[in-house]
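The working numbering puts the last residue of the sequence shown at 304; the count rises by one with no breaks. Even glycine gets a Cβ: it sits at the ideal position worked out from N, Cα and C. Because the structure is a prediction, the values reported are computed rather than measured.
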Amino acid sequence: MYNKGILLDRDGVLIENREDYVKNISEIKILPGVKDAIMDLWSKNYTICIVTNQSGVSKGLYREQDVRDVHEFIEQQFKKEMSGPIFWYYCPHQDKDNCDCRKPKPGLLQRAIREHNFCEENTWMVGDNIRDIEAGRALDCKTCLVLTGLGKSFHHPQMSLVPQKVCCDLHEFVQQILTEEEESL
Ligand SMILES: [Mg+2]
Ligand SMILES: [Zn+2]
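Given below as structure tokens:
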């Protein structure tokens with residue numbers, strides 16, 4: 120039996136994207152509706168995995184410890200009223216490092232799927248960037264582009280890679296999949 124899981128990008132999906140990177144906890148701004156969306160997923164027994172590119176580490180803008188602090192802080196905000204499974208995966212590299220974890224490569228997603236026993240074809244990857252959609256597609260995951268963060272500036276009908284869903288934000292996406300899940304029962 121597989122576990123019910125979901126893969127989420129971080130910047131531009133959970134928290135506000137910053138052109139100069141989210142470098143420490145003082146720069147975290149959780150987007151509207153995100154906390155409710157996370158709690159809704161937990162209440163339907165989803166395991167949440169965050170998969171995020173953090174090339175600022177490789178560029179020397181912040182340390183891996185700062186990334187972990189940011190993740191711990193966000194998780195604490197989510198867990199104020201309710202607790203559930205959430206796991207964090209980040210790639211500290213930049214394109215020139217040629218690693219296999221930086222999205223659009225699927226390495227991070229693959230690790231999350233394997234470690235938590237998700238079924239690739241039934242798992243959604245949600246992101247605000249074409250890189251997220253590419254990484255999800257490489258593994259046959261279902262993909263959703265959200266129009267928060269960088270997603271705001273995509274002309275998605277013209278994208279070469281079309282995601283299964285385009286939603287205003289994470290909250291709208293979660294409402295949709297939970298409704299669809301209910302209807303299929
Ligand atoms: Mg993003
Ligand atoms: Zn990497």
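Starting from residue i, follow the beta strand (DSSP E) in both directions and report where the run begins and ends.
{"i": "glycine 124", "result": "124-127"}
Is there a Cβ of chain C sitting closer than 8 Å to that of residue i, yes or no?
{"i": "valine 132", "result": "Absent from the structure: chain C. Only one protein chain is present."}
In whole angstroms, give me the CA-to-CA distance for residue i and residue j.
{"i": "glutamate 240", "j": "glycine 268", "result": "26 Å"}
{"i": "cysteine 260", "j": "glutamine 229", "result": "10 Å"}
{"i": "aspartate 214", "j": "isoleucine 249", "result": "15 Å"}
{"i": "asparagine 164", "j": "glutamate 138", "result": "34 Å"}
{"i": "glycine 131", "j": "arginine 187", "result": "18 Å"}
{"i": "aspartate 216", "j": "serine 272", "result": "27 Å"}
{"i": "glutamine 195", "j": "isoleucine 232", "result": "23 Å"}
{"i": "glutamine 294", "j": "glutamate 300", "result": "10 Å"}
{"i": "glycine 226", "j": "cysteine 220", "result": "4 Å"}
{"i": "serine 202", "j": "threonine 242", "result": "21 Å"}
{"i": "asparagine 122", "j": "glutamine 173", "result": "27 Å"}
{"i": "isoleucine 205", "j": "serine 279", "result": "31 Å"}
{"i": "threonine 298", "j": "serine 177", "result": "41 Å"}
{"i": "histidine 212", "j": "cysteine 218", "result": "7 Å"}
{"i": "alanine 257", "j": "lysine 222", "result": "10 Å"}
{"i": "glutamate 183", "j": "valine 285", "result": "32 Å"}
{"i": "aspartate 247", "j": "methionine 120", "result": "30 Å"}
{"i": "asparagine 236", "j": "leucine 180", "result": "34 Å"}
{"i": "leucine 127", "j": "proline 282", "result": "14 Å"}
{"i": "cysteine 263", "j": "methionine 244", "result": "6 Å"}
{"i": "asparagine 136", "j": "glycine 270", "result": "10 Å"}
{"i": "aspartate 185", "j": "lysine 142", "result": "7 Å"}
{"i": "proline 151", "j": "leucine 160", "result": "16 Å"}
Could you check what DSSP says for residue i in three-state terms: helix, strand or coil?
{"i": "lysine 178", "result": "coil"}
{"i": "lysine 142", "result": "coil"}
{"i": "lysine 284", "result": "strand"}
{"i": "valine 170", "result": "strand"}
Can you give me the start and stop residues for the alpha helix (DSSP H) that residue i sits inside?
{"i": "isoleucine 157", "result": "153-162"}
{"i": "isoleucine 296", "result": "289-302"}
Taking only runs of the alpha helix (DSSP H) that begin and end inside the stretch 186-272, which ones reach a length of at least 4 residues, in chain order? Given a length threshold of 4 residues, each whole run of the alpha helix (DSSP H) inside the stretch 186-272 is given here in chain order: 226-234 and 249-257.
Should the stretch 133-150 be called in touch with the stretch 177-191, which here means at least 3 C-beta pairs below 8 Å? With the cut-off at 8 Å, the stretch 133-150 and the stretch 177-191 touch.
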